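Reviewing the structure listed below.
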Amino acid sequence: PSRDDAYISVKQTRQYGLRKGDHVTGTARSAGRNEKNPALLEIHTVNGGEPDKVKNRPRFEDLTALFPDQKLRLENPLDPTDMTARIIDLISPIGKGQRGIIVSPPKAGKTTIMKTIATAIERNSPEVELIVLLIDERPEEVTDMKRTVRGEVISSTFDRPSDEHTAVAELALEKAKRRVEVGKDVVIILDGITRLSRAYNLAAPASGRILSGGIDAGALYPPKKFFGAARNIEEGGSLTILATALVETNSRMDEAIFEEFKGTGNMELRLDRRLAEKRIYPAIDVDASSTRHEELLFDRKQLQMVWRLRRVLSGLAAEGNPAPGLELLMDRLKQFKTNDEFLAEIGKTPTM
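Just add 36 to wherever you are in the sequence shown, counting from 1, and you've got this note's numbering.
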């Protein structure tokens, strides 16, 4: 906080039931002689609405979590050449409330995939509020993302201290929770959960218990709490979190962090370094990528076609090489303008 930030009194906080992450506007007076900050005299709006209306809202922790059942379509019907969006829609579809992890080695194109997902959500689901959260990132990447995405980009660059990384991430999450409490759909794209865990490892007080890779046992709880906040809400609203995780970095700490988060998500998109080295983009390992309970995101007929497609791709990946499956899928998708047409054709023919 800076000297220009106004403080809100305890009385106002209790009167309106304000919580961390609320966006408050109002009238402030300048700081007195013995005060560090200006004081907020009158509150006009909370999260863009009447202050009195937020007092009786439910708490995020009390809301009922469900499996994602409403698909966030990424495919652009006007651009059939956007293979990234089309492949994700087929292989690891994203629903409102998804807890997805994008597993990527260095230089496999994860930033491009994040941009594709962000712009697709903005285009196809304008009702969704998008937050792109960049932690420990290069400054030029932050500028590029701000110019690509219309939604909010919150960042803490690598030249900032680790406690600032954690504070920025926590505030962004609390802001998203406040929006979900009033029935809004929010998507957070986090780059990345590995760097956030490293920041907590540096910022957290030492517990004395060290895991493999040199990570403190207590440092993994806060990033797990962050990632675990993603959920589809029965009462209305959803919080979707798509986080990137680094692998194959020759760092035991990165591997230990990934192993901790491996089973916590309900959607996994795997990128493969071998595909990127062959310049096959998007470098998605179509056999290893999947979404849990995908039957809730496809209709029954399409689900049968997707399963048939997966059986073919699984057979091609039997030797451990992901390239034949991806090349076949991209080759077939190029022949059809939309995924629906492609799946309908699979239904007509016994083989791909």
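Built from N, CA and C at the ideal position, the CB exists for glycine as well. For clarity, every value in this text was computed on a predicted model and none was experimentally measured.
- Task: Let me know if Gln106 comes out buried or exposed under the rule of 16 or more other beta-carbons within 10 Å of its beta-carbon.
- Result: With fewer than 16 Cβ atoms within 10 Å of its Cβ, Gln106 is classed as exposed.
- Item | Asp227: first and last residue of the uninterrupted alpha helix (DSSP H) it sits in | Here Asp227 belongs to no alpha helix (DSSP H); instead the beta strand (DSSP E) covers Asp221 to Asp227.
- Task: Find out if the Cβ-Cβ distance for the pair Pro360, Leu311 is shorter than 8 Å.
- Result: Not in contact: Pro360 and Leu311 (Cβ atoms no closer than 8 Å).
- Task: Could you pull the start and end residues of the beta strand (DSSP E) that Ser441 belongs to?
- Result: The structure shown has nothing for residue 441, since the chain only spans 37 to 388.
- Task: Determine the direct distance from the alpha carbon of Met150 to that of Leu339, and round the result to whole angstroms.
- Result: Leu339 and Met150: Cα-Cα distance of roughly 26 Å.
- Message: Taking 8 Å as the cut-off, does the segment 161-170 touch the segment 207-223 (at least 3 CB pairs, one atom from each stretch)?
- Response: With the cut-off at 8 Å, the segment 207-223 and the segment 161-170 touch.
- Where Ala265 sits in the DSSP three-state scheme: Note: Ala265 maps to coil in three-state DSSP.
- Kindly provide the ranges of any beta strand (DSSP E) runs that are 3 or more residues long and lie completely inside the segment 323-350, ordered along the chain. As summarised for the segment 323-350, there are no continuous beta strand (DSSP E) elements at least 3 residues long confined to that stretch.
- Message: Taking only three categories from DSSP, how would you classify Tyr317?
- Response: Tyr317 falls in the coil class under three-state DSSP.
- Item | From Met181, Phe294 and Lys72, residue whose alpha carbon lies closest to that of Glu173 | Each of Met181, Phe294 and Lys72 was checked against the Cα of Glu173, and the nearest Cα belongs to Met181.
- Continuous beta strand (DSSP E) stretch holding Glu188: start and end: For Glu188, the enclosing beta strand (DSSP E) covers residues Glu188 to Thr193.
- Message: What does DSSP give as the partner residue(s) for Tyr43 in the beta ladder?
- Response: According to DSSP, Tyr43 bridges with Ala75.
- Message: For the alpha helix (DSSP H) containing Glu363, name the first residue and the last one.
- Response: Counting along the chain, the alpha helix (DSSP H) containing Glu363 begins and ends at Ala359 to Leu369.
- Cβ of Thr276 within 8 Å of Cβ of Ala292? Taking 8 Å as the cut-off, the beta carbon of Thr276 is found no closer than this to the beta carbon of Ala292.
- If you run the structure through DSSP and keep just helix, strand and coil, what is Glu270? In the three-state reduction of the DSSP assignment, Glu270 falls in the coil class.
- If you pair each beta-carbon of the segment 197-207 with each one of the segment 238-247, do three or more pairs fall below 8 Å? In the pairwise beta carbon analysis, the segment 197-207 is classified as touching the segment 238-247: at least three pairs are separated by under 8 Å.
- Message: In this structure, how does DSSP classify His389 when only helix, strand and coil are distinguished?
- Response: The question about residue 389 has no answer here: the residues shown for the chain are numbered 37 through 388.
- Query: Helix or strand or just coil, what does DSSP make of Glu173?
  - Reply: Correct three-state label for Glu173: strand.
- Evaluate Ser248 with the Cβ neighbour count: other Cβ atoms within 10 Å of its Cβ, from every protein chain shown; 16 or more gives buried, anything less gives exposed. By the 16-neighbour rule on beta-carbons within 10 angstroms, Ser248 is exposed.
- Query: Would Leu307 pass as a contact of Ser140 if the rule is Cβ separation under 8 Å?
  - Reply: Closer than 8 Å, so yes.
- Please state if the CB of Ala208 and the CB of Ala169 are separated by a distance shorter than 8 Å. In the sequence on display, residue 169 carries Leu and not Ala. If you check the CB distance, Leu169 and Ala208 come in under 8 Å.
- Query: Between Thr202 and the rest of its own chain, which residues show a CB-CB distance below 8 Å, the 5 nearest in sequence each way excluded?
  - Reply: The beta carbon of Thr202 is closer than 8 Å to those of Leu232, Ala235, Tyr236, Ala239 and Pro258 in its chain, skipping five residues each way along the sequence.
- Message: Does Lys107 come out as helix, strand or coil in the three-state DSSP assignment?
- Response: DSSP places Lys107 within a strand segment (E or B) once states are collapsed to three.
- What span of residues does the alpha helix (DSSP H) with Leu305 cover, start to end? Counting along the chain, Leu305 falls outside any alpha helix (DSSP H), though it belongs to the beta strand (DSSP E) covering Met303 to Arg306.
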